[in-house]
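Asks:
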Amino acid sequence: MSIANTIRERRSIHRFSDRPVDKELVLSLLKDAVWAPNHGLREPWRFIYAAGEAKDRLVRCVMELVEGTKMRGWDEEKKAKFVQTNLAVPAYLIVVMPEDPRPHIWEEDLAAVSALIQNFQLLAWERELGMLWHTGDYIFNRKFREMAGVQPGEKIVGVLRMGHFDEIPPARPRTDASERFTELS
Ligand SMILES: Cc1cc2nc3c(=O)[nH]c(=O)nc-3n(C[C@H](O)[C@H](O)[C@H](O)COP(=O)(O)O)c2cc1C
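Position 155 of the sequence shown, counting from 1, maps to 155 under UniProt numbering, and the rest follow consecutively.
1) Can you give the Cα-Cα distance for residue 77 and residue 15, rounded to whole angstroms?
2) Taking residue 11 as the reference, give the member of 34, 111, 150, 124 with the closest Cα.
3) Is residue 63 helix, strand or coil when you go by DSSP?
4) Have a look at 117, 138, 1 and flag the residue whose alpha-carbon is nearest the alpha-carbon of residue 132.
5) Taking the alpha carbon of residue 52 as the reference point, which residue from 88, 36, 83, 31 has its own alpha carbon closest?
6) Would you say residue 188 and residue 163 are within 9 Å of each other, going by their C-beta atoms?
7) Take residue 83 as the anchor and find which of 44, 63, 96, 74 has the nearest alpha-carbon.
8) With burial defined as no fewer than 16 other Cβ atoms inside 10 Å of the residue's Cβ, what is the status of residue 109: buried or exposed?
9) Pull up the distance between the alpha-carbon of residue 90 and that of residue 134, whole angstroms please.
10) Are the Cβ atoms of residue 96 and residue 157 separated by less than 9 Å?
11) Which of the three DSSP states, helix, strand or coil, is assigned to residue 101?
12) Answer yes or no: the CB of residue 134 versus the heavy atoms of ligand 1, is any distance below 8 Å?
13) Sort 2, 7, 30, 37 by Cα distance to residue 111 and report the nearest one.
14) Report the partner residues of residue 228 according to the DSSP bridge assignment.
15) Cβ-heavy atom distance between residue 15 and ligand 1 below 8 Å?
16) Tell me which residues share the same chain as residue 21 and place their Cβ nearer than 8 Å to its Cβ, disregarding the 5 neighbours each side in the sequence.
17) Does DSSP classify residue 89 as helix, strand or coil?
18) In the DSSP output, what is residue 161 paired with across the bridge?
19) Just how far apart, CA to CA, sit residue 155 and residue 182?
Encoded structure:
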């Protein structure tokens, strides 16, 4: 498959199948993904993998945190279904970067880690491993960070929910780049 096709065909996956994620596959994809551009070759990333019980603990922590916000006003059945859907995510990969106090370094590092994550998503897609790049207020929560082993001075760039899938969601169309394109004269 061409790079263009992989870029266009990759979708964020919200519903995963029961098929377990192979940790060795994740690691081998990361070994390619780290060839992302990164200024000064700082390689400003670190990966925290969680599956099984460890992942369930993180999911339960997030569920407690969103109980008073996202889940406010939901009936018990809807809450239970939401928790179940979240527990069914086979694995998490939390991608973190060091938070450099110098704004230009911070920005370069965030850009580099984002490039790495997209590399990883595309490589995973080719192997039929789907993911959802997830964020939210909880990534700043002390309890979640501690449970995930995120160190002080590190920023979570993405909580990648990973798993195999049976269905590919429909694409949401993109604006043609020509509409955002100007040439200075
Ligand atoms: C930095 C970043 C954060 C994201 N956070 C979330 C999120 O918290 N929840 C979610 O459902 N999707 C999240 N997404 C996925 C986008 O919603 C998704 O890429 C977009 O809807 C386009 O769908 P596609 O990836 O299938 O093309 C995030 C994507 C990025 C790049």
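For each residue, glycine too, the CB sits at the ideal point set by N, CA and C.
These numbers come from a predicted model, not from an experiment.
Replies: In this structure, then:
1) Taking the first residue of the sequence shown as 1, we reach residue 77 at position 77. Taking the first residue of the sequence shown as 1, we reach residue 15 at position 15. Spanning the two alpha carbons is a distance of roughly 19 Å.
2) Translated into positions along the sequence shown, residue 11 becomes position 11. Taking only the C-alpha atoms, the option nearest residue 11 is 124.
3) As a working note, residue 63 is residue 63 in the sequence shown. In the structure shown, residue 63 sits in a helix (DSSP, three-state: H, G or I).
4) Start at 1 with the first residue of the sequence shown, and residue 132 comes out as number 132. Checked all of 117, 138, 1; the closest Cα to residue 132 is 117.
5) Position 52 of the sequence shown, counted from the first residue, corresponds to residue 52. Taking only the C-alpha atoms, the option nearest residue 52 is 88.
6) Lying outside 1 to 185, the shown extent of the chain, residue 188 is not represented and no answer is given.
7) Numbered from its first residue, the sequence shown carries residue 83 at position 83. Comparing Cα positions, the closest option is 63.
8) Taking the sequence shown and counting its residues from 1, one reaches residue 109 at position 109. Buried is the call here.
9) What you label residue 90 is simply residue 90 of the sequence shown in a count that begins at 1. What you label residue 134 is simply residue 134 of the sequence shown in a count that begins at 1. Rounded to the nearest angstrom, the two C-alpha atoms are 14 Å apart.
10) Residue numbering aside, residue 96 sits at position 96 when the sequence shown is read from its first letter. Residue numbering aside, residue 157 sits at position 157 when the sequence shown is read from its first letter. Taking 9 Å as the Cβ cut-off, residue 96 and residue 157 qualify as a contacting pair.
11) In the sequence shown, residue 101 corresponds to position 101, counting from 1. Coil at residue 101, not helix or strand.
12) By 1-based counting over the sequence shown, the position of residue 134 is 134. Correct: residue 134 has its Cβ closer than 8 Å to ligand 1.
13) Your numbering for residue 111 matches position 111 in the sequence shown. The shortest C-alpha separation from residue 111 is found at 37.
14) Residue numbering for the chain in the displayed model covers 1 to 185; residue 228 lies beyond these limits and cannot be assessed.
15) Position 15 of the sequence shown, counted from the start, is the residue given in the question as residue 15. Checking every heavy atom of ligand 1 against the Cβ of residue 15, none is found closer than 8 Å.
16) By one-based count along the sequence shown, residue 21 stands at place 21. Answer for residue 21: 51, 90, 91, 129, 162, 163, 164, listed in chain order.
17) The residue given as residue 89 occupies position 89 in the sequence shown. Note: residue 89 maps to coil in three-state DSSP.
18) Counted from its first residue, the sequence shown places residue 161 at position 161. Its beta-bridge partners are 92, 132.
19) As a position in the sequence shown, residue 155 is number 155, starting the count at 1. As a position in the sequence shown, residue 182 is number 182, starting the count at 1. Using only the alpha carbons, I get a separation of about 35 Å.
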